[in-house]
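Right, one structure below, let's go through it.
Protein chains: 2
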Amino acid sequence: MRRGQTPTGNLPRNVTEDPVPTRIAILGGGQLARMTAAAAFRLGLEVGVVARQAEDSPATLMATRTWIGDWSTPELLTDVATWAQVVTLENEFVDARVLAELERRGVSVRPSAHTLATVQDKLTQKEALRKAGLPVPRFAAVESAADMFSVGRELGWPLMLKARRGGYDGYGNELVRKPEDAAAAFEKLSRKGSELMVEEFIPFTAELAIMVARNPQGEEAAYPVVETVQHAHMCHTVLAPAPVSARTAARAEELGRAVLRAIEGVGIFGIELFLLTDGDLLINELAPRPHNSGHFTIEACMTSQFENHVRAVMGLPLGDTSMRTAAAAMVNLLGSQDGESVPRGMDEALKVRGANVHIYGKHRSRPGRKMGHVTVCADSVVEAREKALQAARCISL
Amino acid sequence: MRRGQTPTGNLPRNVTEDPVPTRIAILGGGQLARMTAAAAFRLGLEVGVVARQAEDSPATLMATRTWIGDWSTPELLTDVATWAQVVTLENEFVDARVLAELERRGVSVRPSAHTLATVQDKLTQKEALRKAGLPVPRFAAVESAADMFSVGRELGWPLMLKARRGGYDGYGNELVRKPEDAAAAFEKLSRKGSELMVEEFIPFTAELAIMVARNPQGEEAAYPVVETVQHAHMCHTVLAPAPVSARTAARAEELGRAVLRAIEGVGIFGIELFLLTDGDLLINELAPRPHNSGHFTIEACMTSQFENHVRAVMGLPLGDTSMRTAAAAMVNLLGSQDGESVPRGMDEALKVRGANVHIYGKHRSRPGRKMGHVTVCADSVVEAREKALQAARCISL
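Those protein sequences? They're chains A and B, same order as listed. For the first sequence, my numbering gives the first residue as 359, with consecutive numbering after it. For the second sequence, my numbering gives the first residue as 359, with consecutive numbering after it.
Below, the structure written as structure tokens:
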């Protein structure tokens with residue numbers, strides 16, 4: 359069927375004239391970049407990876423081209439942008455001013471420098487959401503422990519104190535239970551140089567997350583909302599779909615889509631939500647990139663979050679986000695000690711029927727470091743979680 | 359849970375003491391090696407790729423280590439074997455004597471040199487199957503056109519004349535309709551230097567295929583049998599599961615498993631079958647490696663053929679081969695002309711809901727070259743095929 363001659367030459371029917379861009383560069387060399395690279399390769403693209411260090415950047419092992427260095431250096435980024443048609447990232451902490459400079463020179467940076475500038479500062483992120491009429495916890499900028507006292511009189515205690523920039527996986531957050539603890543917490547978090555903000559403490563009943571993709575043409579695709587179970591502020595287990603009412607699921611999707619429009623997001627975004635006791639949802643935080651809570655999509659959905667991220671940033675149509683299976687569960691594999699990572703227990707883990715084990719190929723382990731994950735598809739989230747935990751328990755990294 | 363201390367030190371419960379081998383080398387740099395590499399990376403392995411040429415060997419783009427050269431050279435293979443704990447292949451035409459030499463030096467070659475020696479010569483392959491009591495078309499070695507006449511008196515005409523070595527995708531096969539055509543066909547096929555054989559012509563109603571994996575411990579895993587629809591001797595469309603009776607499907611699985619035992623196969627094998635008008639099955643040919651008819655398993659099965667190949671050759675437990683979805687269809691994307699490959703039509707193809715498009719990243723196209731494939735999962739093979747063809751029709755490579 360691709361052999362038919364048409365008036366335009368050797369092109370078959372339905373074939374458009376413009377070849378798509380073929381080179382994508384990813385800022386970051388970790389597992390998110392690695393899984394994004396795998397999806398990009400599958401679509402026939404060439405993949406460049408920009409990693410801060412040569413050692414232990416697992417994405418560099420499967421890249422067409424690798425750059426090692428500080429990705430906030432204009433020289434490095436210019437070199438990258440000369441090679442790639444599209445630049446994306448696995449990490450939101452890239453200097454947005456440098457990205458804006460690239461854009462001024464005509465490079466497609468996706469998500470855009472504007473979106474990243476808004477999202478990477480949690481204060482401006484929340485302001486943008488509130489301005490769009492979206493439900494967020496009450497918040498305020500604070501410049502001193504004294505500011506915390508006055509905000510605390512309005513929002514009540516405990517307060518959640520947050521670094522506005524650079525926080526992830528709970529690093530940069532501090533729960534302040536009472537006014538007497540404010541000074542120490544402020545001192546601790548401001549030591550790293552970031553400005554701080556506080557949010558009201560939300561007594562949620564569950565944490566949910568939804569992945570939503572959007573391409574430059576404005577096409578959107580939302581995945582089923584999931585429940586994320588955190589241990590020690592890190593995403594530990596993800597249940598898909600979240601065991602919530604259809605009304606809650608629909609509301610989560612509505613919020614997710616509205617968030618991307620509010621910040622003009624292009625690419626895939628992870629939106630973390632609090633489920634309140636009365637069934638309402640509040641938006642907790644955003645990640646402008648593939649997200650741990652979307653790893654289940656590799657096996658469980660018609661199109662993975664990584665492929666939809668690549669499609670979105672390349673300006674391609676988005677793929678079907680529906681689930682192939684009734685349910686899925688994902689469990690993170692975390693490092694347990696400092697030192698060289700020697701995977702053990704794979705033999706036992708792979709005996710668990712249906713366990714899809716992902717090992718990121720990091721050479722060094724440390725307590726809590728994300729070293730891999732396990733996904734299981736099953737007929738129910740209960741069965742999927744049980745099997746995923748069973749397999750994960752066998753593995754030491 | 360991975361933090362618990364046990365009497366053996368820092369190992370969690372259930373963790374075995376022996377780390378698994380971590381380095382696999384693949385002989386061959388094409389799409390089968392590339393998709394095998396992707397599966398190996400996901401399991402946290404390091405992947406070496408041995409390609410005949412640097413140009414247009416798409417697997418080399420995502421390898422930890424690459425060797426370019428003739429993989430029948432003992433020096434090259436020794437270097438590879440020094441790096442890797444396990445050596446496997448995407449192509450059965452590696453000199454089995456060289457592999458046997460590697461084995462004598464203690465390298466794990468999987469499948470083994472013995473298995474490859476048996477399979478890579480279609481005559482010894484068929485003899486091994488017949489000796490194991492498995493149903494194959496009647497066949498005979500021929501050393502001249504005169505031999506063909508005498509065999510033809512017994513097996514009837516037409517006859518299928520085959521090069522014993524080096525044939526694939528119909529190259530090396532010649533249908534000889536009548537005795538008068540024997541001399542020309544013999545001359546044509548023997549020109550390439552291979553010895554020849556003939557087989558009786560089988561008037562099949564359908565071609566089926568089954569992928570079966572087996573590890574060194576003897577564990578086996580069979581995928582659902584599929585129907586393969588060939589155009590011009592090449593696998594064009596695969597329907598999973600094959601629309602055949604449960605009895606036929608069970609017989610196909612029985613034959614597939616028996617084949618691997620007969621040849622002591624380790625790794626994944628593609629077994630091509632003829633479905634006869636009376637419902638019986640005959641074994642057509644074997645491929646001692648991942649196979650085009652198994653590409654659907656990437657999306658449609660709990661564990662892909664590539665991951666099960668890696669698990670098998672690494673001596674790991676095999677994964678669940680059952681389908682995640684009711685049905686799937688795979689359509690190959692073939693080159694249509696000589697020259698540089700410029701993917702066109704991705705934009706239209708990706709609009710087809712549920713289309714998973716794989717582009718192999720080959721830079722040069724030629725008519726009939728396998729450049730990619732499309733898989734669609736759906737509720738029925740009819741729907742899956744329709745969508746896969748719809749997406750494939752859009753793409754030109």
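Virtual Cβ for every residue (Gly too), placed ideally from N, Cα, C.
Pairwise C-alpha distance: residue j and residue i
i, j, result
"B:Pro495", "B:Val444", "35 Å"
"B:Pro416", "A:Thr422", "10 Å"
"A:Arg321", "A:Phe507", "Only positions 359 to 755 of chain A appear in this structure, which leaves residue 321 of chain A out of reach."
"B:Phe632", "B:Thr586", "10 Å"
"B:Lys745", "A:Gly623", "30 Å"
"B:Thr635", "A:Ala567", "54 Å"
"A:Gly576", "A:Leu597", "29 Å"
"A:Thr661", "A:Arg669", "10 Å"
"B:Asn531", "A:Ala645", "56 Å"
"A:Val456", "B:Gly524", "55 Å"
"A:Pro516", "A:Tyr529", "18 Å"
"B:Gln411", "A:Asp453", "41 Å"
"A:Gly628", "A:Val617", "10 Å"
"B:Ala458", "B:Thr431", "13 Å"
"A:Lys546", "B:Val408", "53 Å"
"B:Thr655", "B:Leu390", "13 Å"
"A:Met763", "A:Leu519", "Only positions 359 to 755 of chain A appear in the structure, and residue 763 of chain A is not among them; the question remains open."
"A:Arg511", "A:Pro725", "38 Å"
is_contact[residue i, chain B] using C-beta, thresh 8 Å
i, result
"A:Asp414", "no"
"A:Arg682", "yes"
"A:Arg711", "yes"
"A:Val445", "no"
"A:Val715", "yes"
"A:Gly660", "The sequence shown places Met at residue 660 of chain A, rather than the Gly named in the question. For A:Met660, the answer is yes, since a Cβ of chain B falls inside 8 Å of its Cβ."
"A:Pro701", "yes"
"A:Gly551", "no"
"A:Gly652", "no"
"A:Gly530", "no"
"A:Gly491", "no"
"A:Gly614", "no"
"A:Gly730", "yes"
Neighbour flag for residue i against chain A, beta carbons, 8 Å
i, result
"B:Cys735", "yes"
"B:Pro516", "no"
"B:Pro648", "no"
"B:Asp705", "yes"
"B:Lys520", "no"
"B:Met555", "no"
"B:Met569", "no"
"B:Thr374", "Because B:Thr374 carries a pLDDT of 46, less than 50, the predicted location of this residue cannot be relied on, and no value is offered for it."
"B:Leu708", "yes"
"B:Pro574", "no"
"B:Gly387", "no"
"B:Gly510", "no"
Distance CB(residue i)-CB(residue j) smaller than 8 Å
i, j, result
"B:Leu747", "B:Met729", "no"
"A:Val570", "A:Gly614", "yes"
"B:Thr418", "B:Gly387", "yes"
"B:Cys735", "B:Glu706", "no"
"B:Leu639", "B:Thr606", "yes"
"A:Asn714", "A:Glu643", "no"
"B:Ala503", "B:Ala541", "yes"
"A:Arg722", "A:Asp414", "yes"
"B:Leu447", "B:Ala579", "no"
"B:Val689", "B:Ala600", "no"
"A:Asp678", "B:Gly712", "yes"
"B:Glu433", "B:Gln478", "no"
"A:Glu558", "A:Gly514", "yes"
Practice problem: Using a Cβ-Cβ cut-off of less than 8 Å, give me the residues of the segment 717-728 of chain A that come near chain B, in sequence order. | Solution: Ile717, Tyr718, Gly719 and Pro725
Practice problem: Anything in the segment 390-406 of chain B with a Cβ closer than 7 Å to a Cβ of chain A? List those residues in chain order, please. | Solution: Ala396, Phe399, Arg400, Leu401 and Gly402
Quiz item: Between the segment 740-752 of chain A and chain B, which residues of the former have CB atoms less than 7 Å from a CB of the latter, in chain order?
Solution: Arg751 and Cys752
Quiz item: Fully enclosed by the segment 404-481 of chain A, which beta strand (DSSP E) runs are 3 residues long or longer?
Solution: 404-409, 423-426 and 444-447
Quiz prompt | Under 7 Å (Cβ pairs) to chain B, residues found in the segment 663-680 of chain A | solution = When C-beta distances to chain B are compared with 7 Å, the residues of the segment 663-680 of chain A below that value are Arg669, Leu674, Pro675, Gly677 and Asp678, in chain order.
Quiz item: Looking at chain B, which residues of the segment 420-439 of chain A have a Cβ within less than 7 Å of any of its Cβ atoms?
Solution: Met420 and Thr422
Practice problem: Please specify which runs of the beta strand (DSSP E), each continuous and at least 3 residues long, are wholly inside the segment 526-562 of chain A, giving them in chain order. | Solution: You should have 531-534 and 554-558.
Self-check item: Contacting positions in the segment 625-636 of chain B - beta carbon closer than 9 Å to chain A
Solution: none
Quiz item: At what residue ranges does the segment 648-733 of chain B contain a whole run of the alpha helix (DSSP H), taking only runs of 4 or more?
Solution: 655-658, 663-671 and 704-707
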